[in-house]
Amino acid sequence: MAAIALSDRPPHTVGRAVRDLVDGARAYHIWGRLGWQDVRQRYRRSLLGPFWITISAAAMIGGIGLVYSRLLRQQTDEYIPFLTVGLLGWFFIAALINDACTAFVGAEQLIKQVKLPLTVHVWRVIWRNLIILAHNVLILVPVFLYYHWAVDASAALSILGVLLIALNGFLLGIALGLVCARFRDVPPIVANLVQLAFFVTPVMFQTRALGNQTWIAQVNPFFHFLELVRAPLLGSELPVGSWIYALAATLVCGLITIGLFIRYRSRIAYWV
Amino acid sequence: MAYIRAERLSVEFPIWNPSRRSLKNAVLRATTGGRLARESATRVVIQALCDLSFEFSRGDRIGLVGHNGSGKTTLLRVLTGIYEPVRGRLDVTGRVSSLLDLSLGMDHEATGYENIVLRGVLMGLPPSAIEKRVDEIAEFSELGDYLSMPIRTYSSGMLLRLAFAVSTTIAPEILLLDEWLSVGDADFREKAERRLVEMIESSAIVVLASHDVSLIRRFCSRTLKLEHGRIISEEPVAS
Chain H
539 MAAIALSDRP
549 PHTVGRAVRD
559 LVDGARAYHI
569 WGRLGWQDVR
579 QRYRRSLLGP
589 FWITISAAAM
599 IGGIGLVYSR
609 LLRQQTDEYI
619 PFLTVGLLGW
629 FFIAALINDA
639 CTAFVGAEQL
649 IKQVKLPLTV
659 HVWRVIWRNL
669 IILAHNVLIL
679 VPVFLYYHWA
689 VDASAALSIL
699 GVLLIALNGF
709 LLGIALGLVC
719 ARFRDVPPIV
729 ANLVQLAFFV
739 TPVMFQTRAL
749 GNQTWIAQVN
759 PFFHFLELVR
769 APLLGSELPV
779 GSWIYALAAT
789 LVCGLITIGL
799 FIRYRSRIAY
809 WV
Chain R
3 MAYIRAERLS
13 VEFPIWNPSR
23 RSLKNAVLRA
33 TTGGRLARES
43 ATRVVIQALC
53 DLSFEFSRGD
63 RIGLVGHNGS
73 GKTTLLRVLT
83 GIYEPVRGRL
93 DVTGRVSSLL
103 DLSLGMDHEA
113 TGYENIVLRG
123 VLMGLPPSAI
133 EKRVDEIAEF
143 SELGDYLSMP
153 IRTYSSGMLL
163 RLAFAVSTTI
173 APEILLLDEW
183 LSVGDADFRE
193 KAERRLVEMI
203 ESSAIVVLAS
213 HDVSLIRRFC
223 SRTLKLEHGR
233 IISEEPVAS
């Protein structure tokens, strides 16, 4: 039994935004399917299917690892695991941000034809990227084995890190998705910023290479989110500072997103 | 209890040319006072629906008539819950099914069976309910072994058969139709029509947008005539 009661008065807009969030999260049988479909569609009719994701990430890591370990005069047995974990985390974060821009615009057909909670389209993006991440994580196995890198139980903390990143991806997917539906030149701006962020974030180089200029990393949100995933896998101590930073950022991001969503949710169908 | 009530409902679409969609211009507009007034004076808004008030209750068969662009499809989308009214109120009680776009959400690389499930969940059915209906849908579509093939191998007629079979598998309380659906070859068309008529008869409220006068006369009890987004007449259909 579905009931729609729509009016333009404020209490309704809050209630409907909350209901969209709840119903959207519960409709996992919809976004789960759509997310899988996205991944499979990209590699349908190819022999290896989604494992092309794994292979292309491995090729990139191999290439960068080979050159940059020399360039930066790093020992490969420390540098390659560091680079691998960092790049996998980075791929995940960058894809979440870039896909956030098209969360609603990309689902135009669905939004205009069927009544679904709008957050379904955002969860679809998150789920799609989690599937891709799961394929990429396989690369860690040969890398860690080859370099005799031991992983202990605390590595499970990086799963928590992944989940926090995914949550932020969801919040950003709503906020950026909404802004990008209205202003169509935001996506290229975002893509450029993400590209730039890759070079200033310690992914290819270690933080200690910054010498006494580590503030460059400390003010960078990407660094902290990345650290949540990277530090536990590399056996470093728990990055308490990064966790505090990331949780605070999530809170701010959440408040802004909820504000935007309550205010502009009903406009999204008109904008896409 | 199926029920639809609209009170001074309005829908308008802002039209943005690329410069209005541009962030740079939005920033410039905010910083330069003079331009703001001038730009907003030339802002184009399409009044798609204007001050509509109506009430449909159980047993109503509404025919929406009007020229192209008079707001029929927009009204159906509003009733579906896609566009929320910019002004006014709308209450809809009852499970709505709108047959606006049959082939929506179909994945051409997936098999017929996979698409049945996909289309089903998009219509709001839980996967378990679809599983139960798969056989019935498969039988109705008469596609047989083709259902195990990717639907990109289908002809357009076969695609529509599948889409129709899935879309009409549940009888809604409120049925919204944008034009009559006619699919497939002669035999199938007859069967599809029977099914659609059954659906119309079992739904509590039907809203059918059409240009076909004989169709409206056959199925509807009341017509709403729209022109430029306003209701210009509302009258019973002489039977």
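Keeping their order, the protein sequence lines are chains H and R.
When we follow our numbering, the leftmost residue of the first sequence carries the number 539, and every step to the right adds one.
When we follow our numbering, the leftmost residue of the second sequence carries the number 3, and every step to the right adds one.
Cβ atoms here follow ideal geometry from the backbone N, Cα and C, with glycine treated the same way.
Where the beta strand (DSSP E) through residue i begins and ends
| i | result |
| --- | --- |
| R:Cys52 | 46–59 |
| H:Ser607 | From DSSP, H:Ser607 is part of no beta strand (DSSP E) but of the alpha helix (DSSP H) over 589–609. |
| R:Pro16 | 5–17 |
| H:Ile649 | From DSSP, H:Ile649 is part of no beta strand (DSSP E) but of the alpha helix (DSSP H) over 646–651. |
| R:Val94 | 89–95 |
| R:Ala211 | 207–211 |
| R:Val98 | 98–101 |
| R:Thr225 | 224–229 |
| R:Asp180 | 176–180 |
CB contact check: residue i to chain R, cutoff 8 angstroms
| i | result |
| --- | --- |
| H:Ile670 | no |
| H:Leu709 | no |
| H:Ser804 | yes |
| H:Leu793 | no |
| H:Val652 | yes |
| H:Phe721 | yes |
| H:Arg582 | yes |
| H:Val810 | no |
| H:Leu807 | Sequence inspection shows Ala at residue 807 of chain H; the Leu mentioned does not correspond to that position. Yes, because at least one Cβ of chain R sits closer than 8 angstroms to the Cβ of H:Ala807. |
| H:Arg662 | no |
| H:Arg666 | no |
Neighbourhood of residue i by C-beta distance below 6 angstroms, restricted to the same chain and skipping five residues each side
| i | result |
| --- | --- |
| H:Gly587 | Tyr581 |
| R:Arg154 | His110 |
| H:Leu572 | Arg662 |
| H:Phe799 | Ala555, Ile712 |
| R:His230 | none |
| R:Tyr85 | Val13, Arg79 |
| R:Pro16 | Val47 |
Cβ of residue i within 8 angstroms of any chain H Cβ
| i | result |
| --- | --- |
| R:Phe15 | yes |
| R:Ser24 | yes |
| R:Asp103 | yes |
| R:Tyr115 | no |
| R:Val123 | yes |
| R:Ala28 | yes |
| R:Met231 | The question names Met, but residue 231 of chain R in the sequence shown is Gly. Judged by the 8 angstroms Cβ criterion, R:Gly231 is not in contact with chain H. |
| R:Glu181 | no |
| R:Pro129 | yes |
| R:Ser216 | no |
| R:Asp137 | no |
Selection from the options that minimises the alpha carbon distance to residue i
| i | options | result |
| --- | --- | --- |
| R:Ala211 | R:Tyr5, R:Lys26, R:Ser55, R:Gly65 | R:Gly65 |
| R:Arg232 | R:Trp18, R:Lys74, R:Asp62 | R:Lys74 |
| R:Tyr115 | R:Gly96, R:Leu164, R:Leu102 | R:Leu164 |
| R:Arg10 | R:Asn27, R:Arg219, R:Glu192, R:Arg91 | R:Arg91 |
| R:Gly96 | R:Asp147, R:Ile139, R:Phe58, R:Arg135 | R:Phe58 |
| R:Ala140 | R:Asp189, R:Thr225, R:Arg196, R:Leu161 | R:Leu161 |
| H:Phe682 | H:Arg722, H:Thr657, H:Ile796, H:Tyr617 | H:Tyr617 |
Exposure of residue i, with buried meaning 16 or more beta-carbon neighbours within 10 Å
| i | result |
| --- | --- |
| R:Glu236 | exposed |
| H:Pro740 | buried |
| R:Val94 | buried |
| H:His762 | buried |
| H:Gln647 | exposed |
| R:Arg219 | exposed |
| H:Asn674 | buried |
| H:Ala595 | buried |
| R:Asn19 | exposed |
| H:Leu621 | buried |
| R:Ser204 | exposed |
| R:Ala8 | buried |
| R:Lys134 | exposed |
| H:Leu609 | exposed |
| H:Gly624 | buried |
| H:Gln751 | exposed |
Residues of its chain near residue i, where Cβ-Cβ distance is below 8 angstroms and the 5 sequence neighbours each way are ignored
| i | result |
| --- | --- |
| R:Gly36 | Here the model assigns R:Gly36 a pLDDT of 47, short of 50, so the residue's position is not dependable and the matter cannot be decided. |
| R:Arg121 | Leu106, Gly107, Met108, Ala165, Val168, Ser169 |
| H:Ala645 | His659, Arg662, Val810 |
| H:Arg557 | Pro655 |
| R:Pro152 | His110, Glu111, Ala112, Thr113 |
Residue i: first and last residue of the uninterrupted alpha helix (DSSP H) it sits in
| i | result |
| --- | --- |
| R:Ser216 | 215–221 |
| H:Thr622 | 614–639 |
| H:Ser780 | 778–802 |
| R:Pro238 | It is not in any alpha helix (DSSP H) - R:Pro238 instead sits in the beta strand (DSSP E) that spans 232–238. |
| H:Leu709 | 695–720 |
| R:Gly122 | 114–124 |
Sequence-distant residues of the same chain with beta carbon closer than 7 angstroms to residue i, five excluded per side
| i | result |
| --- | --- |
| H:Trp665 | Trp569, Gly570, Gly573 |
| H:Ala807 | Ile649, Lys650 |
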